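K.L.:
My questions all concern the structure below.
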Amino acid sequence: MNKLINQVNDLNVEELSLLDKLVFSIKGAYLSDLQKTILRYSLDNYTYDEIAEKEGYSEKYLKRDVGPKLWKILSIALGEKVGKKNFREALDRKIKEINKISNLDDNEKFKNTSQKVLSASGFWGRTQELAKLQQWILNDSSNLVVIFGMAGIGKTVLVQKLAQQIDDYFEQIIWFSPVQNIFQETNFDNFYNNLSDSFHNLCFEEIENKTCKDFFHYLLNHKILIVIDDFDFFYRTNDLSCHQEKGVKFVLNLIEYMENSWHQSCLILLSREKPKFSSLKKNNSIRWLELKGMKKSEVETIFSYENVIGSKNEWEQLINIYENNPKFLSIALSKISSVFNKNIFSFIEKGFFVFGEINACYRWYHMRLTEEEKEIMYWLAIFQEDISIKTIQQYFISSKNSLATIMEVIETLQDLSLIYLNGDRFGLSFLTQKYFSEYLLQLFFDDLSQQNYNIIKSHSLLTLTLSYHIQECQINNFIKPLIERLINFFGKKELLKNHLNNFILKTKKEGHLLRGYAVGNILNLMAYLEQDLSHLDLSHLTILQVNFQTYKLHHSSLANSVLINSIFSEDFAFIKALKFGSTNQFLMAVTQDSRLIGWDLKNSQQIVHFDCYQSLAQSGIFNDTGEMVILAYKNKNCLRIFNTKTGQCQKTFETETGSLTSLAISSDNQFLASGSNNSTIEIWSVSSGRCVKVLQGHTSGINCLSFSPDGQFLATGSHDSTVRIWSVSSGRCVKVLQGHTSGINCLSFSPDGQFLASGSHDSTVRIWSVSTGQCLEHLQGHTSGINCLSFSPDGQFLATGSHDSTVRIWSVSTGQCFKYLPTHVGGVHSLSFTSDSQFLAVSNSKFSVKIWSLNESRCYRVLHSNKEWSSSLAFSPDNQFLASNSQTLSFNLWNCNKEQIVQTFEKNTDVVKTVSFNPKGNILVSGSNNGEIRLWSLDSFNCLKILRGHINPICSTIFSPTGHLLASSCSEGQIQLWDVATGECLKSLSRYSEQLQGITFNSTGKLLVSNYSDGTIKLWDVATGECLKSLSRIGKEIKTICIPSQDDQHLIYVTDNGDLEIWDIQLNQCIHSFSVDLIEVASFSQDGQFLATDSNNNVIKLWNVNTRQYIKSLPTHKSFICAMTFSSDNKILSSSSLDGEIKLWDLETGNCQRTLKNPKFYQNLNIANIEGLNNTQVLTLKSLGAFS
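Its first residue numbered 4, the sequence shown is counted upward by one per residue in my numbering.
Printed below as a string of structure tokens:
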């Protein structure tokens, strides 16, 4: 370069040319005319205001946009921070630096590639690394330094800058690079040309003898800095030419000389991987520097000039994606500018981050891997997160992969900078993960499309023993994209299904290929394709890592097969309580049908199953240690304590106070408390089994109880919207806590006993001071009633579960919600923390349990039940069809005569709770757990309207006699009247504090009757929405109510204790009454002449209401009866039971006419001689329809 002339207060052509070249080398574009104008005016001390006035720009534009960007790019170009005031001086220093180099004679200039070093003029940052290198080389006199790191991370430019800073310390700098392009390996001849130029033009043939000797002698008398860039070229390279082999030998000799001889020179090796030459491992004097991504502030400074559009968060996301690698970021920004209209968000949204030179970089690494290294890299890509060596070993099919072998491979991959160490776990960086995931997809695609057995046999697309969150990632990142590619390849989804089915058949025939993941991979793809797995012969196979939880296997066979780490569906009912065992890997649950279940969470296997008692439980709790479970039976008027290890009943407590609703046990197991719907609480001595205290004070039914940790106090929550705190010793109420606006559903004391948390139907949580009774926090955020809450064992958190299907985690100290767990379908009903407060188990109304890792806010395990039964039945007006829900997101329409399902309605967004027909029989209505109501056409089976207004579960829906109005009610007491034609909500009737249980119209549709859990009955004027009358039957829960279809003068109802009463509506008094058995389920005929009852003993009894006489009993169901309804002509009674059966009874003969059965989940699945399942799992499969 010609010497530049410095002219004060002006920029000559050479200076502008220099600046242009420096800026272009960094930005890829020259200075604009406006930028050059600002530079000239700046030299004459013009202000931005003056420049703007002279040139016709706004001052704001120059001062806030053009100016700052100009000084930032010039700071990078000149190697120091510059602005308007010091720009001239910085430019002068740069010119002097370049002129100094230009004036050196040939013997003083850098040898070989000295001009390459000068390109560090655009260098920025890395101050700590530079300081460390200078310390090693100048102060410690280190003669061998190895710098290694990912391609593009900045190794070369770092040493270029270092060479500029320390060039005065060395007589000569020699720079070798066998590669012209960092991503391409080229001819090696230039290397020798460079060598010969540096070594006094010795001919190539002398390189092995005279060259080495002369050069090593030269090093004895001179202070030389030698840099070998792209050092990784000298190893892991196959099929070297003769010249190349000699070159490698020379470099190895040079390294050995630099290590073992006395001299003042320094050798720096730059490599994309940590060198593994044995000589480099022996000498402790070697300095190793692993170069990683730049500091975020440095990256932001370097790329701040880029003319791309993005928010601060989008910039940060982009920098994180490319792991602060300046080369990769530069490539990405170029792509964003040229393809994505300079929009960072559009680029990130596309999700295609590994392309072009970046892809070539990873391909370079990939091609150099051994088969063993590739195998582990593929597994790490599949795992999707950091994993231990022990876990990696568990997934290898071949026994040759010993722990020692795996550890050796892991160390090599670390040296390649392909994996990182995080404690005792290993993982892939984001880009590495992206590259190998994409490559894996292609390998799987090739195997599956061509029916080959390579990657599909050695690696599994799903890893079911790892956390559920990982499985979700694997589904999204592997299974779904793979299915899309395969469908595109085959053209149609059905063709792909046939292809996979044939692949299974082929695999069965290939006996020597049965070991491995092939079968499991094919089955998982078939399952996620929603392929019908019925009639599939999977016998005599080894099946690994298959998730059968949500896919039916009707009439299939797993006979004589070996199942390894595969998961099946469960068969549990509604969960009343959850409890972790002492190891935190064991979880127990007690269900509505009095079953005690326990799971080993390491592999999601059910290992405990006890049928405690043949009755439906109203409430259930565990004691603090999990050794006991206590169940309350509402219509048996008793409590039972069971041993969780044996399932045996240890003690029974009998009460006469009313229907039991809630339980609590003290931490020392001395006292048991029970609440009932008649507003009383009983305290029992566990040792004697006697009631020692009866607490009275609430004005409505009791919903929840909780003992303080020290056992001195009992907190009680009621439908009356209050919380009371009682002294256990005296039985006296010491505090009444008021503030909630609806019934209290749940209570929990903090571990230290200072705080009490209460959750209500009003969707809020309150934290109270136990000592003062003051409300300390009012937690809002849930959109529906609170069902459960629990303090963490360490007292720092409060978990709350709601009907809105979410769990929220609150900080006790701040009252702020800091975690939100939203992915539950159906209302959340029970919670349990592990003893270390790290995990939370959550059950919902969809019969699933999720275990959450709270540190990561990720789902760890999912236990899913496919137990289906109907809690709501409805005949069509012509009695030809029957609608039934199934505790799922769908419900069925049956043809009663053909015993067949006509249609399954599946578009509901939550568990369907209730179904009913309109009077014409052409519309069917469903009400869901999330408060949503849908109207369905029975002509097209399409959803006509969605009615939204309730926020809590729908408990009943009924059409007016004309069919123009629909009345709906939800559990917290709200009633709404809807215009069926428009879907508009016409009226919301006043709420009542108690839980609403049912509604019915009279024959004219002018009167609506509602009944509540405390025995209250309200009569409403439909036209005005006014409550006309309120009848109170406190302490007697009304099971069902009826206004006879031909008699609007009378109201008939039956209570849970068997009292049947007929009221004259006008006189507002009971005119007839008689008693039937204790009732769990009951139903009146539409004309009010007959009553069907069940007393929780699986026997249906028929009663004549007019004569007040028992008529007959119907043969028993096999399981608990859940719902009953009469046909409109009183000829047929339908009843459903917990085993999923629906029976149609001929009321004249008492015989069962038909049984409607929705096939069980594993109906007729052959599991004879199956291996890999324990006895409890086999029993569960059989309960879901399997046989052996």
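Virtual Cβ for every residue (Gly too), placed ideally from N, Cα, C. Just so you know, these numbers come straight off a predicted model, no measurement behind them.
Under the assumption that A802 contacts L750 (Cβ atoms under 8 Å), give the Cβ distance between them as a whole number of angstroms.
P.N.:
To locate residue 802, count along the sequence shown from 1; it is residue 799. To locate residue 750, count along the sequence shown from 1; it is residue 747. 14 Å between Cβ atoms; not a contact.
K.L.:
Spatial neighbours of N882 within its chain, please: CB distance less than 8 Å, with the 5 preceding and 5 following residues excluded, ordered by chain position.
P.N.:
Residue mapping note: residue 882 aligns to position 879 of the sequence shown, counting from 1. Answer for N882: C899, S1130, S1131, D1132, K1134 and I1135, listed in chain order.
K.L.:
Is it true that the segment 900 to 913 meets the segment 598 to 605, where meeting means three or more beta-carbon pairs spaced less than 8 Å apart?
P.N.:
No: fewer than three Cβ pairs fall under 8 Å.
K.L.:
Quick one: Cα of Q1049 to Cα of A1085, how far?
P.N.:
If you number the sequence shown from 1, residue 1049 lands on position 1046. If you number the sequence shown from 1, residue 1085 lands on position 1082. Answer to the nearest angstrom: the Cα atoms are 21 Å apart.
K.L.:
Use the C-beta contact count for W291: other C-beta atoms within 10 angstroms, 16 or more gives buried, fewer gives exposed.
P.N.:
Reading the sequence shown from its first residue, position 288 is the one you call residue 291. Label assigned to W291: exposed.
K.L.:
Run through the DSSP bridge pairs and tell me what L642 is partnered with.
P.N.:
In the sequence shown, residue 642 corresponds to position 639, counting from 1. Looking at the DSSP assignment, L642 forms a beta bridge with A635 and F656.
K.L.:
With DSSP run on the structure shown, which of helix, strand or coil describes E319?
P.N.:
The residue you call residue 319 lines up with position 316 of the sequence shown. Note: E319 maps to helix in three-state DSSP.
K.L.:
Quick check on L223: does DSSP put it in helix, strand or coil?
P.N.:
On the sequence shown, position 220 is the one that residue 223 refers to. DSSP places L223 in helix when its eight states are reduced to three.
K.L.:
Would you kindly work out how many angstroms separate the C-alpha atoms of D982 and N945, rounded to a whole number?
P.N.:
Locating residue 982 in the sequence shown gives position 979, counting from the first residue. Locating residue 945 in the sequence shown gives position 942, counting from the first residue. Approximately 19 Å between the Cα atoms of the pair.
K.L.:
May I have the straight-line CA-CA distance separating Q534 from K500, to the nearest angstrom?
P.N.:
As a first step, residue 534 must be located in the sequence shown, where it is residue number 531. As a first step, residue 500 must be located in the sequence shown, where it is residue number 497. The alpha-carbon atoms of Q534 and K500 are separated by roughly 7 Å.
K.L.:
On the DSSP bridge list, what partners appear for Q903?
P.N.:
Residue numbering aside, residue 903 sits at position 900 when the sequence shown is read from its first letter. Bridge partners of Q903: N898.
K.L.:
Applying the criterion that 16 or more other CB atoms from any shown protein chain within 10 Å of the CB defines a buried residue, is C652 buried or exposed?
P.N.:
Start at 1 with the first residue of the sequence shown, and residue 652 comes out as number 649. When all chains shown are included, C652 counts as exposed.
K.L.:
The alpha helix (DSSP H) with K1185 in it runs from where to where?
P.N.:
For the purposes of this step, residue 1185 is taken as the residue at position 1182 of the sequence shown. Start and end: N1178 to S1186.
K.L.:
Would you mind listing the alpha helix (DSSP H) stretches within the segment 457 to 482 that are 4+ residues and don't spill past its ends, in chain order?
P.N.:
Counting whole runs of 4 or more residues, the segment 457 to 482 contains the alpha helix (DSSP H) stretches 458 to 461 and 471 to 477.
K.L.:
Between L467 and I567, what straight-line distance do the alpha-carbon atoms span, to the nearest angstrom?
P.N.:
The residue labelled residue 467 in the question sits at position 464 within the sequence shown. The residue labelled residue 567 in the question sits at position 564 within the sequence shown. Rounded to whole angstroms, L467 to I567 spans 10 Å at the Cα level.
K.L.:
Take I854 as the anchor and find which of C476, S874 and V831 has the nearest alpha-carbon.
P.N.:
Counting from 1 along the sequence shown, the entry for residue 854 is found at position 851. The option with the nearest alpha carbon to I854 is V831.
K.L.:
For a test of the three-state rule: what should DSSP assign to I185, helix, strand or coil?
P.N.:
The residue you call residue 185 lines up with position 182 of the sequence shown. Caution is warranted here: a pLDDT of 30 is assigned to I185, below 50, making its placement in the model unreliable, and no coordinate value can be reported.
K.L.:
For a test of the three-state rule: what should DSSP assign to V160, helix, strand or coil?
P.N.:
Counted from its first residue, the sequence shown places residue 160 at position 157. Helix at V160.
K.L.:
Per DSSP, H867 is paired with what?
P.N.:
For the purposes of this step, residue 867 is taken as residue 864 along the sequence shown, with counting starting at 1. In the DSSP output, where bridge partners are listed per residue, H867 has S851.
K.L.:
Pair every Cβ in the segment 350 to 365 with every Cβ in the segment 390 to 399, then say whether three or more of these pairs are closer than 8 Å.
P.N.:
Not touching, per the Cβ criterion.
K.L.:
Is the segment 609 to 628 touching the segment 593 to 601 in the sense that three or more CB pairs, one from each, lie closer than 8 Å?
P.N.:
Flag = yes, the segment 593 to 601 and the segment 609 to 628 touch.
K.L.:
On a CA-only basis, which of Y531, R518, N550 and L165 is nearest L544? Give me that one, please.
P.N.:
The residue labelled residue 544 in the question sits at position 541 within the sequence shown. Answer by Cα proximity: R518.
K.L.:
Indicate whether Q759 and V768 have their beta-carbon atoms separated by less than 9 Å.
P.N.:
Here residue 759 is taken as the residue at index 756 of the sequence shown, counted from 1. Here residue 768 is taken as the residue at index 765 of the sequence shown, counted from 1. The sequence as given places Leu at residue 759; Gln does not occur at that position. Going by C-beta atoms, L759 is not nearer than 9 Å to V768.
K.L.:
Could you please give me the residues that DSSP links to K582 through a beta bridge?
P.N.:
Working through the sequence shown from its first residue, we reach residue 582 at position 579. Answer is M591, bridged to K582.
K.L.:
For the pair the segment 345 to 354 and the segment 309 to 316, tell me if three or more CB-CB distances fall below 8 Å.
P.N.:
Yes: the two stretches touch, three or more of their Cβ pairs being nearer than 8 Å.
K.L.:
Where does N895 land, buried or exposed, given buried means 16+ other C-beta within 10 angstroms?
P.N.:
What you label residue 895 is simply residue 892 of the sequence shown in a count that begins at 1. Its Cβ being crowded by 16 or more others within 10 Å, N895 is buried.
K.L.:
Helix or strand or just coil, what does DSSP make of W872?
P.N.:
Taking the sequence shown and counting its residues from 1, one reaches residue 872 at position 869. Of the three classes helix, strand and coil, the one that applies to W872 here is coil, per DSSP.
K.L.:
What are the boundary residues of the alpha helix (DSSP H) that L1241 is part of?
P.N.:
With the chain covering 4 to 1191 only, the question about residue 1241 has no answer from this structure.
K.L.:
In whole angstroms, what is the alpha-carbon distance linking F236 and Y1165?
P.N.:
In the sequence shown, counting from the first residue as 1, residue 236 sits at position 233. In the sequence shown, counting from the first residue as 1, residue 1165 sits at position 1162. Straight-line Cα distance between these residues: approximately 59 Å.
K.L.:
Using 8 Å as the Cβ pair cut-off and three pairs as the minimum, do the segment 1113 to 1124 and the segment 1052 to 1068 touch?
P.N.:
No: the two stretches stay apart, fewer than three of their Cβ pairs being nearer than 8 Å.
K.L.:
Whole angstroms is fine: what's the gap from D942's alpha carbon to I1002's?
P.N.:
On the sequence shown, position 939 is the one that residue 942 refers to. On the sequence shown, position 999 is the one that residue 1002 refers to. Cα to Cα, D942 sits roughly 27 Å from I1002.
K.L.:
Can you tell me whether R96 is helix, strand or coil according to DSSP?
P.N.:
Translated into the one-based positions of the sequence shown, residue 96 becomes position 93. In this structure, R96 counts as helix in the three-state DSSP scheme.
K.L.:
Which residue comes first and which comes last in the beta strand (DSSP E) that contains M1127?
P.N.:
Here the question's residue 1127 lines up with position 1124 in the sequence shown. Looking at the DSSP string, the run of the beta strand (DSSP E) that includes M1127 is I1124 to F1129.
K.L.:
Out of G756, T809 and C820, point me to the one whose CA is closest to H781's CA.
P.N.:
Within the sequence shown, numbered from 1, the residue matching residue 781 stands at position 778. Of G756, T809 and C820, the residue nearest in Cα terms is C820.
K.L.:
Kindly identify the DSSP beta-bridge partner or partners of T1158.
P.N.:
As a working note, residue 1158 is residue 1155 in the sequence shown. In DSSP, T1158 forms a bridge with K1146.
K.L.:
Roughly how many angstroms separate the alpha carbons of H538 and F1190, rounded to a whole number?
P.N.:
Looking up residue 538 in the sequence shown gives position 535. Looking up residue 1190 in the sequence shown gives position 1187. Distance between the alpha carbons of H538 and F1190 is about 14 Å.
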